[in-house]
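*Asks:* As you go down the protein sequences, you meet chains A and B in turn. Residues in the first sequence are numbered consecutively from 71, following my numbering. Residues in the second sequence are numbered consecutively from 444, following my numbering.
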Amino acid sequence: MDAVNIAELTGNIAVVGYGLAAIGPGIGVGLVVSKTIESIARQPELAGRLQVTMWLGIAFTEALALIGLATPFIFV
Amino acid sequence: MANSSDTLFSKALRLSTFLAVAIALVGSLLGYIFYQLPGVFAALIGAGVSALFGAMTILSIWFGGKLSLNGFYAMVLGGWLFKFLLFAGVLLALQNAEGFAGPVFFFAVVATVLGGLAIDSWLVLKGRVPTVGN
């Protein structure tokens, strides 16, 4: 396989930004959801309360994603 | 004061909408001062899109909570995925738009998202959510 010279790659660098803005919050939401499932499995009677707390966790994580996706408008 | 998750979510939706309208008004004014008409459109789109996505999260958890546990996670995570594909599509369309005031859009998005987070946190801290699901 031929070696790729990274300096010769063309395209919009904002695409890398979109990717990075998706990775972090993706992992974050995954962790929030997995821990909530684990907690509900341990204490099903707390499901209602845990789901509300999960909402707050997801809201904070997705805020980072929304801001990250909108940054090309000021950086490019 | 919210005393159940239904009241909590409906109050969060109402307050987030008021906030988005306020940010759209202030943003339009500032946008007009700095970028004229494109600034007004950017502020309106930024506040509107962020408010819509915040509302989608609240609605998915609110109505997903009435389903089975599998249905709940399908709705919340599926909604999240759908929302981000939609947001990326909107951004792609706006990036190629002629004379779009990007900075106004960005600051409208940031203000609406952070304001929405403040409202959500305040409601969860102040609200009384029953330990047993309603």
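Beta carbons are placed, not taken as given, at the ideal position from N, Cα and C, and that holds for glycine. Note that the structure is a prediction, hence the values are computed from the model and not measured.
For F515 (chain B), which residues in chain A fall below 8 Å Cβ to Cβ?
*Replies:* Q121, listed in chain order.
*Asks:* Could you tell me whether the Cβ atoms of I128 (chain A) and L120 (chain A) are closer together than 8 Å?
*Replies:* Result no, Cβ atoms of I128 (chain A) and L120 (chain A) do not sit closer than 8 Å.
*Asks:* For P114 (chain A), does the count of other Cβ atoms within 10 angstroms reach 16, so buried, or fall short, so exposed?
*Replies:* By the 10 Å Cβ count, P114 (chain A) comes out exposed.
*Asks:* Identify, in the order they occur along the chain, each residue of the same chain with its Cβ nearer than 6 Å to the Cβ of G521 (chain B), setting aside the five sequence neighbours on each side.
*Replies:* For G521 (chain B), where only same-chain residues beyond five positions count, there are no Cβ hits under 6 Å.
*Asks:* Between the Cα of V483 (chain B) and those of B:V519, B:F496 and B:F550, spot the shortest distance and give me the residue it belongs to.
*Replies:* For the residues B:V519, B:F496 and B:F550, the minimum Cα distance to V483 (chain B) belongs to B:F550.
*Asks:* Let me see if you follow: with CB-CB separation under 8 Å, is P546 (chain B) close to chain A or not?
*Replies:* Yes, P546 (chain B) counts as interfacial toward chain A.
*Asks:* Residues in the stretch 505-531 of chain B with C-beta within 9 Å of chain A's C-beta atoms, listed in sequence order?
*Replies:* Listed by position along the chain: W505, G507, G508, L512, F515, Y516, V519, L520, W523, K526, F527, F530 and A531.
*Asks:* Report the option in A:L90, A:I83, A:A73 and A:E78 whose CA atom is closest to the CA atom of I137 (chain A).
*Replies:* Closest option to I137 (chain A), Cα to Cα, is A:L90.
*Asks:* Does the beta carbon of I144 (chain A) fall short of 7 Å from some heavy atom of the ligand ATP?
*Replies:* The model on display carries no ligand, and the ligand ATP is accordingly not part of it.
*Asks:* Taking the alpha carbon of F527 (chain B) as the point to measure from, which residue in A:G118, A:N75, A:A84 and A:A135 has its own alpha carbon closest?
*Replies:* Closest option to F527 (chain B), Cα to Cα, is A:A135.
*Asks:* Given S503 (chain B), which residues of its chain have a CB within under 7 Å of its CB, disregarding the five upstream and five downstream residues?
*Replies:* These residues qualify, in order along the chain: M518, V519 and G522.
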